[in-house]
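Asker: Positions -1 to 345 (our numbering) are the ones given, in order, by the sequence shown.
C-beta atoms are modelled at their ideal positions from N, C-alpha and C, and glycine is treated no differently.
My structure is below; once you've seen it, I'll send some questions.
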Amino acid sequence: MNRDTNILEVRGLGVEYYVGGGLLRAVDGVSFDVKKGGALAIVGESGSGKTTIASALMGLIMSWEGRIREGSAVFGADDGEIIEIIGGGAHELGRLRGREISLIPQDTAAALDPLMRIYPQIAEAATADNVGKKEKSRRREARRATDDAVREKVMAAARKARFPSDALDAYPHQLSGGQKQRSAIAAALVNSPSLIIADEPTSGLDAAVAREILSTLKELKSSRRLSIIMITHDIRAAAEMCDDAVIMYAGRVCERAPLKSIIHAPKHPYSVGLMNAILSVSKITDGVKPVEGSPPVAGSFKTRGCRFAERCAFKMEICEKSDPPLLKTSAGYAACFLFQCGGETKK
Ligand SMILES: Nc1ncnc2c1ncn2[C@@H]1O[C@H](COP(=O)(O)OP(=O)(O)OP(=O)(O)O)[C@@H](O)[C@H]1O
Ligand code: SF4
Ligand SMILES: [Mg+2]
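In structure tokens:
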């Protein structure tokens, strides 16, 4: 691991779910780095495997629903220790989860317990060293968590997340969508993690509230040495705060590069179409239409050849026969045979 620059390195991650007596490969050969103090965007259409990556990194793929088939992930702690969170023992991840690495889940409203006030829910996250304990016993402890140290942590996290302290005694149904999101940010911040995974932090919020949430995340990133993985459909939201991006297609990484270069000069034909569709920047993708057709759904991913081939205007014979590896481009990497000889997508 490059411990000077990176906080997280993921290599060859493959995850599958047990579905209908078979295996559904949701994520395949995914590799990326998160820089210390940096923000990485994971962008892709619905079903491309974004949440699955987050769940795998947080150890949240339950044994009855699926498994990490292959790959590794290593985390570089502040004190220089390198900890395997995938590929090592589950206990290694248990040490970090909720403390060094936390998650703002995709559906924060559903993640909140409707019968519990917000304060004990954040306090529960503050006592995350109880990871090994049974849920009921953690809940009981969190309800009793009124001691000064925990209160101090909860209040500090609420302040950082800009969650109003007088709403800490509210039940989830009494909060607006933006406040629910802020309570999830507070819960993620309560143990001062070094890495936060924010899964669609602005989805379902109106534009003004989404902007406020983004600005809070940006503030957090700049005010302390916090690294962020931001999972999103919305590349414009990602552009507000992310330095690097991974573009996912059908469970695989199709492009990995600095976000600015993906926006202004996308390389992979899918990224080109995506930028064209999202940003309508016809001048940088002149002659290439927005991506036509739909992505394949997990379970029907091709086992051989490029998964984007059916929709690709540049398809060659080799594209149906072999999986394109991630190849070097002028800005980063693209999983596309067009770059085999250092070529670029023709615009
Ligand atoms: N627990 C599960 N059991 C079975 N299949 C699952 C499970 N969770 C996800 N999947 C499937 O894995 C694939 C990837 O899902 P995932 O939630 O990771 O996608 P996503 O990119 O986060 O999508 P979205 O943008 O809609 O949140 C999908 O086909 C989904 O149906
Ligand atoms: S590998 Fe072939 S089919 Fe896939 S994106 Fe590149 S050119 Fe298109
Ligand atoms: Mg998701």
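For GLY249 and GLY176, what's the separation of their Cα atoms in angstroms?
Answerer: Whole-angstrom Cα-Cα distance: 30 Å.
Asker: On a CA-only basis, which of ALA329, PHE299, ILE245, LEU336 is nearest ILE389? Give me that one, please.
Answerer: With the chain represented from -1 up to 345, any question about residue 389 goes unanswered, as that position is not in the structure.
Asker: Skipping 5 residues on each side, what residues in its chain have a beta carbon closer than 7 Å to that of THR3?
Answerer: LYS33, LYS34
Asker: Looking at LEU324 and ARG209, is the spacing between their C-beta atoms short of 8 Å?
Answerer: no
Asker: Let's test the definition: count the other Cβ atoms within 10 Å of the Cβ of ASP204 and tell me whether it reaches 16, buried, or not, exposed.
Answerer: exposed
Asker: Take every Cβ of the segment 214 to 225, pair it with every Cβ of the segment 163 to 171, and state whether three or more of those distances are shorter than 8 Å.
Answerer: no
Asker: Measuring alpha carbon to alpha carbon, tell me which of SER70, TYR15, SER61 ends up nearest GLY47.
Answerer: TYR15
Asker: Give the DSSP-derived three-state secondary structure of ALA199 in the structure shown.
Answerer: Residue identity differs from the one stated: residue 199 is Pro in this sequence, not Ala. Correct three-state label for PRO199: coil.
Asker: Based on Cα-Cα distance, which residue from LYS178, GLN172, ASP241 lies nearest to ALA156?
Answerer: LYS178
Asker: Look at the alpha carbon of ILE229 and the alpha carbon of GLU122, and state the distance between them as a whole number of angstroms.
Answerer: Each residue's Cα considered, the two are about 24 Å apart.
Asker: Using a Cβ-based criterion (distance less than 7 Å to any ligand heavy atom), does MET(-1) qualify as near ligand 4?
Answerer: As far as ligands go, the structure on display features ligand 1, ligand 2 and ligand 3 and does not contain ligand 4.
Asker: Helix, strand or coil for ILE59? Go by DSSP, reduced to three states.
Answerer: Coil, per DSSP.
Asker: Among the residues of its own chain, which have a CB less than 6 Å from the CB of SER259, if the five just before and after it don't count?
Answerer: ALA329
Asker: Return the first residue and the last residue of the alpha helix (DSSP H) that LEU113 is part of.
Answerer: No residue range can be given for LEU113, since it is assigned to no alpha helix (DSSP H) and is classified by DSSP as neither H nor E.
Asker: With H, G and I counted as helix, E and B as strand and the rest as coil, what does DSSP make of ARG149?
Answerer: helix
Asker: Let me know the secondary structure DSSP gives PRO162 once reduced to three states.
Answerer: Looking at PRO162 - three-state DSSP - the assignment turns out to be coil, as it is neither helix nor strand.
Asker: My guess is that GLN104 and GLU198 are in contact by the Cβ rule of under 8 Å, so how many angstroms apart are they, rounded?
Answerer: 5 Å
Asker: Heavy atom of ligand 2 less than 7 Å from the Cβ of LYS313, yes or no?
Answerer: yes
Asker: GLU43 to CYS310, Cα distance in whole Å?
Answerer: 16 Å
Asker: Hey, ILE116 and ALA186 are a contact pair by Cβ (cut 8 Å); roughly how many whole angstroms apart?
Answerer: The Cβ separation is near 14 Å, so there is no contact.
Asker: Along the chain, which unbroken stretches of the alpha helix (DSSP H) at least 4 residues long are found entirely within the segment 193 to 276?
Answerer: 205 to 221, 233 to 239, 257 to 262
Asker: Looking at the unbroken alpha helix (DSSP H) that takes in GLU318, where does it start and where does it end?
Answerer: Per DSSP, GLU318 belongs to the alpha helix (DSSP H) from 315 to 319.
Asker: Out of TYR247, VAL17, LEU193, point me to the one whose CA is closest to ALA37's CA.
Answerer: Taking only the C-alpha atoms, the option nearest ALA37 is LEU193.
Asker: What residues in its chain sit with their C-beta under 7 Å from that of ILE183, if we drop five residues either side in the sequence?
Answerer: Closer than 7 Å at Cβ, skipping near neighbours: ILE102, ALA159, THR214.
Asker: Please identify the residue among GLY27, GLY64, ILE99, CYS334 whose C-alpha is closest to the C-alpha of PHE312.
Answerer: CYS334
Asker: How big is the Cα-Cα spacing for SER361 and MET314?
Answerer: Any property of residue 361 remains undetermined from this structure, which presents the chain solely from -1 to 345.
Asker: Return yes when the Cβ of PRO293 is within less than 8 Å of the Cβ of GLY12, no when it is not.
Answerer: The Cβ atoms of GLY12 and PRO293 do not sit closer than 8 Å to each other.
Asker: Per DSSP, what are the beta-bridge partners of LYS326 in this structure?
Answerer: TYR331
Asker: How about THR200 and ASP232: do their beta carbons lie closer than 8 Å?
Answerer: yes
Asker: With a Cβ-Cβ cutoff of 8 Å, do SER100 and PRO191 count as a contact?
Answerer: yes
Asker: Identify every residue that forms a DSSP beta bridge with LYS33.
Answerer: ASN4
Asker: Let me check you understand the geometry: is the CB of GLU63 closer than 7 Å to at least one non-hydrogen atom of ligand 3?
Answerer: no
Asker: Bridge partners for PHE299 per DSSP, in chain order?
Answerer: According to DSSP, which records beta bridges pairwise, PHE299 is partnered with nothing at all.
Asker: Go through the residues and name those whose CB comes closer than 7 Å to any heavy atom of ligand 3, in chain order.
Answerer: Ordered along the chain, the selected set is LYS48, THR49, GLN104, ASP197, GLU198, ILE229.
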